[in-house]
Amino acid sequence: MAEHFDTTSKASSEYYATTMPKTSEKNFEDDVEAIMGLAGWRTFSNNAAAQVDYDRKLALKVDSLVEFVQETQPEEWAKIEGLYGPHTRERFVKRLVDELEPHGDRGGVVNVLRRGIRMAPGAQFRLCSFKPATKKNPDAWKRYRANRFEVVRQLRYGTLADDSGNSVDVVLFLNGIPVVTMELKNNLTGQRTEHAVKQYKTDRSPKELLFKANRRAIVHFALDSETVEMCTWLANGKSRFLPFNKGNGKNGAGNPPNPNGYRTEYLYREVLAPASLLDIIQRFVRVEYDADAKAMKKIIFPRFHQLDAVRKLVADAREKGAGHSYLIQHSAGSGKSNSIAWLAHHLQSLHGENDNPVFDTVVILTDRRSLDAQLSATIDSVEHKRGVVVRIREEDGSAGLREALNSGAQIITSTIQKFPYICSETKVSGRKFAVIIDEAHSSQSGKANAKMKLALIDRDLDPDEPWDDEDELAKEMKAQGTIPNLSFFAFTATPKAATLEVFGTRDDACKRDASGILIPRPFHLYSMKQAIDEGFIL
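The sequence shown lines up with residues 1 to 538 when you count with UniProt numbering.
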């Protein structure tokens, strides 16, 4: 996980050093809460006190919700208070509850957290404040820091007769709205992740509002001290839980040993840290709908390798700027389309330490024409704004792509075949590009890729100029070297040697050949072995 989301590694090490030895049987739940407290979550010494403002029927912490809105948006609150008087709180909560109920592709907790709600007379409320892209707006940063993150243990949620005495181990609230639930098991007592999964499937009724898909909690985690699984749509026995593990360090499933604590600590220390969780809600979680946008099909929460890859790529690009190449080796079954869409979304809005955009335009290239439309739909669903993504269709030809590039479009999707034909016509001097390549292979690291580089550095080139063999191409690309205004992000499941040579990373983590020369490696790896172990490849 990118370092800027990991705010507690030192603190957690100190916690374990002073509180418990690594082999202690101290309650797992206590340790999770303690680490989350270090990460910025508000914890409670008394579970009853933590639940005093929790309304089971509404599945909301109403006091936390209203206090956040009043503190961060007093002018908007004054508008509705002038209309509703003593009934303002009641009317506001009712309006929110109505909006939390999905209506086609509108409403639902994901949309509400991202877009807020409107109320007469002309008031608009944000239910959370996302991290500003730049440092230029101090008021935005003040609102961001006003978010309320609360950890509640053993939350009694039941409204149905069968659930009246039930409690869920951990619930995470963002400004009074539940966004994550967790069931924890302690390996030392013989309970494991699969027991937590079974508990969700048999004892956590999806009829309860807390567990209804896209109404309240966005994701549910089942974990022990060694492994994690997640689910976004509870449906009793049909609930589908997916692994949310880092990999065991040997290209297989599971998690590597953690010298400072539990193997699964990354989940509650890094992934669910306040800044990280807000980023996931804002720019990763995606709700898919049917063709008529009348019904939800699925809710997508990033798997660990997707989240990890995007964040590490973005962090490196922020630090180094344009002019670098990255190879992302993700196996079949990795969810590459979503990874590409999330990466494009992040790169499009990425700003460096100087608050200037790192890239002017993100271009996504794919050899699979069917994926062109899929990527556009994925990005559009995350962006929530029209005009951000320009899809170049077959009938648009090279002229359409040329126009999109020169117009300063933020994200362009196209096929690799179209790109080389606008080489001599594209005028892009002084602009910076992030080029994401789907299924990078020898054709893209060869003729098409070489012409693409030349197009983006504004060098004259005859698109019909004959190219000789691959050796000549390699010589031409080597002569070009690093291009300051262009970064490549190449995704592939099985990179060839030529692909690794062009896009691979060379650093101290690389092996060396017999001559002592560094052998390029992928910047990020989700191996076929891990995909098989996790059940994504049969």
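Cβ atoms here follow ideal geometry from the backbone N, Cα and C, with glycine treated the same way. This one's a predicted model, so the numbers in the text were calculated from it and none came from an experiment.
Start and end residues, beta strand (DSSP E) containing residue i
i: Phe149; result: 149–156
i: Ala434; result: 433–438
i: Lys207; result: Here Lys207 belongs to no beta strand (DSSP E), and DSSP marks it neither H nor E.
i: Ile328; result: 325–330
i: Ile364; result: 361–366
Residue environment, residue i, which counts as buried when at least 16 other CB atoms sit within 10 Å
i: residue 551; result: What the structure shows of the chain is the stretch from 1 to 538, and residue 551 is not part of that stretch, so it cannot be assessed.
i: Ala49; result: exposed
i: Thr202; result: exposed
i: Ile412; result: buried
i: Asp162; result: exposed
i: Asp224; result: buried
i: Asp169; result: buried
i: Thr189; result: exposed
i: Asp513; result: exposed
i: Leu160; result: exposed
i: Leu255; result: In the sequence on display, residue 255 carries Asn and not Leu. By the 10 Å Cβ count, Asn255 comes out buried.
i: Asn137; result: exposed
i: Pro522; result: buried
i: Val171; result: buried
i: Leu538; result: exposed
i: Thr494; result: exposed
i: Glu71; result: exposed
i: His305; result: buried
i: Pro484; result: exposed
i: Lys61; result: buried
i: Gln124; result: exposed
i: Pro21; result: With a pLDDT of only 41 at Pro21, under the threshold of 50, the placement of this residue in the model should not be trusted, and no figure is reported.
i: Asn46; result: exposed
i: Arg402; result: buried
Residue i (DSSP reduced to helix, strand or coil)
i: Gly237; result: strand
i: Phe92; result: helix
i: Thr232; result: coil
i: Thr494; result: coil
i: Thr415; result: strand
i: Leu127; result: coil
i: Arg115; result: helix
i: Leu518; result: strand
i: Gln410; result: coil
i: Pro138; result: helix
i: Thr97; result: As written in the sequence, residue 97 is Val, which differs from the Thr given in the question. Correct three-state label for Val97: helix.
i: Val388; result: coil
i: Pro259; result: coil
i: Arg143; result: helix
i: Val110; result: helix
i: Ala474; result: Summary for Ala474: the model assigns pLDDT 35, below 50, so the residue's position carries little reliability; its value from the coordinates is reported in the next sentence. It is helical.
i: Pro243; result: strand
i: Pro357; result: strand
i: Gln444; result: Note on Gln444: pLDDT 49, under 50, position unreliable in the model; no value is reported.
Own chain partners of residue i with C-beta closer than 7 Å, once the 5 adjacent residues on each side are dropped
i: Arg303; result: Leu242, Phe244, Gly335
i: Lys212; result: Pro206
i: Pro132; result: Ala140, Trp141, Tyr144
i: Pro466; result: Residue placement at Pro466 is flagged as unreliable, the pLDDT there being 43, under the threshold of 50; the coordinate-derived value follows with that caveat. If we look at Pro466 and ignore the five residues flanking it on each side, it has no Cβ neighbours.
i: Cys510; result: Leu518, Ile519, Pro520, Arg521
i: Lys529; result: Asn251, Gly252
Residue range of the alpha helix (DSSP H) that includes residue i
i: Ala404; result: 397–407
i: Gln348; result: 336–348
i: Thr505; result: From DSSP, Thr505 is part of no alpha helix (DSSP H); its letter is neither H nor E.
i: Asn532; result: A small correction: the amino acid at residue 532 is Ile; Asn does not occupy that position in the sequence shown. That run of the alpha helix (DSSP H) goes 528–533.
Same chain, Cβ closer than 6 Å to residue i, five either side skipped, listed in chain order
i: Gln410; result: Gln348, Val388
i: Arg192; result: Lys185, Asp224
i: Asp533; result: Gly252, Ala253
8 Å CB neighbourhood of residue i in its chain, flanking five on each side removed
i: Asp360; result: Gly408, Arg431, Lys432, Phe433
i: Asn236; result: Lys201, Thr202, Ser205, Pro206
i: Ser64; result: Asp53, Arg148, Glu150, Phe173, Asn175, Gly176
i: Asn214; result: Pro102, Gly108, Val109, Val110, Val287, Met296, Ile299
Min CB distance residue i to chain C below 8 Å
i: Ile437; result: Of the chains in the structure shown, none is chain C; there is only one protein chain.
| said: Ignoring anything shorter than 4 residues, give me the alpha helix (DSSP H) runs that lie fully in the stretch 167–229, in order along the chain. | reply: 193–203
| field | Ordered list of beta strand (DSSP E) runs contained in the stretch 265–318, each at least 3 residues | value | 286–289, 296–300
| Which ranges would you report for the alpha helix (DSSP H) in the stretch 25–82 if only whole runs of at least 4 residues count? | 28–38, 47–50, 62–72
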